[in-house]
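Participant:
There are 2 protein chains.
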Amino acid sequence: MAVPASCRPSLSGAKKWAGTYVPCREAAAWAGGRRRRRALRHRGGQCWAWGSPVPEPPMPGSSLEPQERSMESAAVPQELPPDCGVHELFGYVGIEAVLEQMKVKTMKMGFEFNIMVVGQSGLGKSTMVNTLFKSKVSRKASQPGQEERIPKTVQLQSVTHVIEEKGVKMKLTVTDTPGFGDQINNENCWDPIIKYINEQYERYLREEILITRKRKIPDSRVHGCVYFIPPTGHWLRPLDLEFMRRLSKIVNVVPVIAKADTLTLEEREEFKQRIQRDLKAHAISVYPQEDFDEDPDDRLLNDRIREKIPFAVVGADQEHQVNGKRVLGRKTKWGIIEVENPAHCEFPMLRDLLIRSHLQDLKDITHNVHYESYRVRRLNESNRPAPSSNNGLPGRDEDGDESNL
Amino acid sequence: MAVPASCRPSLSGAKKWAGTYVPCREAAAWAGGRRRRRALRHRGGQCWAWGSPVPEPPMPGSSLEPQERSMESAAVPQELPPDCGVHELFGYVGIEAVLEQMKVKTMKMGFEFNIMVVGQSGLGKSTMVNTLFKSKVSRKASQPGQEERIPKTVQLQSVTHVIEEKGVKMKLTVTDTPGFGDQINNENCWDPIIKYINEQYERYLREEILITRKRKIPDSRVHGCVYFIPPTGHWLRPLDLEFMRRLSKIVNVVPVIAKADTLTLEEREEFKQRIQRDLKAHAISVYPQEDFDEDPDDRLLNDRIREKIPFAVVGADQEHQVNGKRVLGRKTKWGIIEVENPAHCEFPMLRDLLIRSHLQDLKDITHNVHYESYRVRRLNESNRPAPSSNNGLPGRDEDGDESNL
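Residue numbers (my numbering), protein chains in the order written: chain L, 1 to 405; chain H, 1 to 405.
Given below as structure tokens:
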């Protein structure tokens, strides 16, 4: 079989770029090791054998650290030979090809992303969603020529679309909550929302604990809840506080100051400071939550985001000409507010947070934190009534905290 | 805040590269959609807001397909406006940034990879593992100056190392099985191996069903079992058949013809054909299993691999000079066998399969197929004794096939 020379693993100069083999008995180097984020740049070579994409061969810095010896019941420990100081690796192994393999799998499978928008009517929720996803993902409540009233109770409306960009498919579900905060008495108007969010956790849990389960569990869990604060310029209202206090415990809440074009820059800044103080005073932890920062890099990045929260946003689904360019914006007598211009509003920050920098994190926190909390609560609940057996999974027969087979 | 123009989302010429919005009520486009594998090449721009890596802005082909409307108990369906033919997207959303986000997370977390080597002594198992991972990952049974005997029973020895390349950390566990096939009577010599593999599934399952569980379950499951066939040039022996028949049901078995330098090219080819016929006749499905090909691309790639299985390999952990280059090989009076030269042996195919093209797939098949089978078996088993309650999770009180909360 003819193999192009460029694809053949070259061993010339192995010594030059070979990594080191350092025995270290501490597990410090493994998982949770604090590493600086680095953007990987592979130029994507080929496996010689079947031509599937694989990253570039040799570079400096391969290293192999013997780190622990796992001992199984039937296993015999194996000691390193006494002379195992520092050995050089013979060359490039290619383990980082796993990144490319994961990418290909993700592109094939696509992924799900579910967001919810909450806030009283007229704050531009649908327009914001359309601005985020660059199309009519969400329908406005009042279309021209259509008569529609504010519903008497909070209703939930979900729309699912598939968005594809550069070969990556996202199944986006946007859940709208018309009627929230629009009544004379808004007591408990968060209840249908909490119910919906929990129902999605329940649905996932029921699938997860099936004996015969799907290879990929359909994910309808809400990964982010964007809460629209009216641009009063004053304080958070009791409804805002009550909603965020309750919801931030079960979902990633991303508060925004809606229709920020009604505030001057000074008013906006002042309002934002007050909201931050209010949230702190009421111990409300919105996304990205400090508790879930995974390392100092995360903390650094997220601290910068936390300073800016809630983002003062403006949405628009109309294009206008500005200096010969088409921009998304709102045209007024005194100028055009360009929503994607960071000097005009903080919409780009919201978009970056939700899509370009934290999308996977929103999904991870939902899965690892919010869903897990629901699961623990739910399983403990299921186990409470009749503590009799040793089964930790949903049923009526557990007295322990943990399950046993 | 000053934002470099290159980072600012440009909306100029939006029409030119805007994607389309095609209402399609069939779910055909979603998950499982057969797509050709494409190597993504981002050049990695920046989020303007916090400078984290994000792929390049606009390119042709963004599209948005409304696809289904999820209906929740409390949700009201939302119909598309009647005029929703084909709308253009306003521009670039940035969803494929999720690939970069996943990559960063994988690099931070590292990943686990566990392989097992099985075969009688003297077939070069340790040398092969060392050749694969370019270092002394596995210790040879007989070191010079050390006396060591073949154990009287099959013993399992696991060694764990951390290998790092280009910022990606892999926690590699190699499990060796000295004593396998070395006795006068080798009946049931697969038992300790099956026991070990199942123990790892059990360990994962026990962790998974805990009420309070780890964020990332430690994975000691065997992702691939490399089985060394002695280079007899004749047929598979009953022990080979029996082992692969049993093991291929619970783990990814990758058979190799060991020490292939003892066979001429004709003998090698002939032997390989016979082994393929034997495996087929005994309905033994080694990795990559036809049943688990996910799409036509997978099938095409894997068919080419299946034609070549079992790979005829030669291992070496010594370097030699060939044409001024250092190569890994075995020096004989009649020449140097270069193990990484595909004209000399099929070691590069084994390396590509295990590491550069199918590592993630080995992990996925282990998790989605072998572990799931174990889980189903185990939960059904647990439920058999006392069918009385409606709990499908491990316990003694289930009569249904599926669990209920």
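We put the beta carbon where it would ideally sit given N, CA and C, even for glycine.
In this text, all values refer to a predicted model and were calculated from it rather than measured experimentally.
Given a threshold of 16 other Cβ atoms within 10 Å of its Cβ, counted over all protein chains shown, does H:E381 qualify as buried or as exposed?
Facilitator: Classification of H:E381: exposed, given that the 10 Å Cβ count is below 16.
Participant: What separation, rounded to the nearest whole angstrom, lies between the Cα atoms of L:V406 and H:K363?
Facilitator: Outside the modelled stretch of chain L, which goes from 1 to 405, sits residue 406 of chain L, for which no answer is possible.
Participant: Just to confirm before moving on: does the CB-CB distance between L:T127 and L:D317 stay below 8 Å?
Facilitator: Closer than 8 Å, so yes.
Participant: Would you be able to state if there are at least three C-beta pairs under 8 Å between the region 322-334 of chain H and the region 352-368 of chain H?
Facilitator: Judged by Cβ distances under 8 Å, the region 352-368 of chain H makes no contact with the region 322-334 of chain H, as fewer than three pairs qualify.
Participant: Could you check which residue in L:R203, L:F133, L:I250, L:F180 has the C-alpha nearest to that of L:T160?
Facilitator: Nearest C-alpha to L:T160: L:F133.
Participant: Going by beta-carbon coordinates alone, are H:G315 and H:E267 separated by less than 8 Å?
Facilitator: No.
Participant: State the CB to CB distance for the pair L:V222 and L:V254, rounded to an integer number of angstroms; the pair is presumed to be in contact (CB under 8 Å).
Facilitator: Not really, about 11 Å apart at Cβ, beyond 8 Å.
Participant: Counting only C-beta atoms, is L:V129 closer than 8 Å to chain H at any point?
Facilitator: Chain H contact via Cβ: absent.
Participant: Give the range of the alpha helix (DSSP H) segment to which L:L300 is assigned.
Facilitator: 296-308 is the span of the alpha helix (DSSP H), which, as asked, contains L:L300.
Participant: To which residues of the same chain is H:P238 closer than 6 Å at the C-beta, ignoring the five residues directly before and after it?
Facilitator: None.
Participant: Would you check if the distance between the CB atom of H:E96 and the CB atom of L:V174 is smaller than 8 Å?
Facilitator: The answer is no: Cβ separation not under 8 Å.
Participant: Which value, in whole angstroms, describes the spacing of the CA atoms of L:R149 and L:F228?
Facilitator: Roughly 20 Å between the two C-alpha positions.
Participant: Go ahead and pull the three-state DSSP assignment for H:R330.
Facilitator: Here H:R330 sits in strand by DSSP.
Participant: Quick check: what's the CA-CA separation for L:N415 versus H:R299?
Facilitator: Since the displayed chain L opens at 1 and closes at 405, residue 415 of chain L lies outside it and no answer follows.
Participant: Can you check whether the C-beta of L:T366 is within less than 8 Å of a C-beta belonging to chain H?
Facilitator: Not closer than 8 Å to any Cβ of chain H, the Cβ of L:T366 fails to qualify, so no.
Participant: May I ask you to list the residues that DSSP assigns as paired with L:F113?
Facilitator: Beta-bridge pairing links L:F113 to L:L172.
Participant: In this structure, what does DSSP give as the bridge partners for H:C345?
Facilitator: None, per the DSSP bridge assignment.
Participant: Looking only at DSSP bridge pairs, what is L:P238 linked to?
Facilitator: Note: L:P238 sits in no beta bridge, so no partner.
Participant: Does the region 200-208 of chain H come within contact of the region 367-374 of chain H, defined as at least 3 CB pairs closer than 8 Å?
Facilitator: Result yes; three or more Cβ-Cβ pairs closer than 8 Å.
Participant: Could you give the first and the last residue of the continuous alpha helix (DSSP H) run that contains H:T160?
Facilitator: Premise fails: H:T160 lies in the beta strand (DSSP E), 157-165, not in any alpha helix (DSSP H).
Participant: Per DSSP, what kind of secondary structure is L:P66 in: helix, strand or coil?
Facilitator: Reliability of the predicted coordinates at L:P66 is poor, the pLDDT of 46 falling under 50, and the value obtained from them is presented with this limitation in mind. DSSP places L:P66 in strand when its eight states are reduced to three.
Participant: So with CB distances below 7 Å, who are the chain L contacts of H:G91?
Facilitator: Simply K134.
Participant: Please list the partners that H:M170 has in chain L, where partner means a Cβ-to-Cβ separation under 8 Å.
Facilitator: Ordered by position in chain L, the residues that pass the 8 Å Cβ test against H:M170 are I95, V98.
Participant: List the residues of chain H whose Cβ lies closer than 7 Å to the Cβ of L:M102, in chain order.
Facilitator: Those are M102, T106, Q360, listed as they occur along chain H.
Participant: Mind listing the chain H neighbours of L:N380? Cutoff is C-beta to C-beta under 8 Å, in chain order.
Facilitator: In chain order: I211.
Participant: Just to confirm the assignment, what range does the beta strand (DSSP E) spanning L:V254 have?
Facilitator: Unbroken beta strand (DSSP E) run through L:V254: 253-257.
Participant: Where do the ends of the alpha helix (DSSP H) carrying H:E340 lie?
Facilitator: Premise fails: H:E340 is in no alpha helix (DSSP H) and is neither H nor E.
Participant: Going by beta-carbon coordinates alone, are L:M102 and H:M102 separated by less than 8 Å?
Facilitator: Cβ distance < 8 Å, so L:M102 and H:M102 count as in contact.
Participant: To which residues of the same chain is H:L263 closer than 8 Å at the C-beta, ignoring the five residues directly before and after it?
Facilitator: Only P231, G233, I257, F271, A312 meet the Cβ criterion.
Participant: In terms of alpha-carbon separation, which member of H:L354, H:D240, H:H358, H:T131 lies closest to H:H282?
Facilitator: Residue H:D240 is the option with its Cα nearest to H:H282.
Participant: Starting from L:Q321, follow its DSSP beta bridges and name the residues at the other end.
Facilitator: For L:Q321, which the question treats as bridged, DSSP gives the partners L:R326.
Participant: Report the residue from H:I197, H:E294, H:V154 whose alpha carbon sits nearest the alpha carbon of H:Q120.
Facilitator: For the residues H:I197, H:E294, H:V154, the minimum Cα distance to H:Q120 belongs to H:V154.
Participant: I'd like to know if L:K166 contacts chain H, where contact means its C-beta is closer than 8 Å to some C-beta of that chain.
Facilitator: It does; some Cβ of chain H falls within 8 Å.
Participant: In chain L, which residues lie with their C-beta within 8 Å of the C-beta of H:F228?
Facilitator: Result: empty, since nearest Cβ-Cβ is about 19 Å, beyond 8 Å.
Participant: Return the CA-CA distance between H:I197 and H:H367, expressed in angstroms with no decimal places.
Facilitator: Their Cα atoms are separated by approximately 13 Å.
Participant: Do H:L247 and H:I275 have their C-beta atoms closer together than 8 Å?
Facilitator: Not closer than 8 Å, so no.
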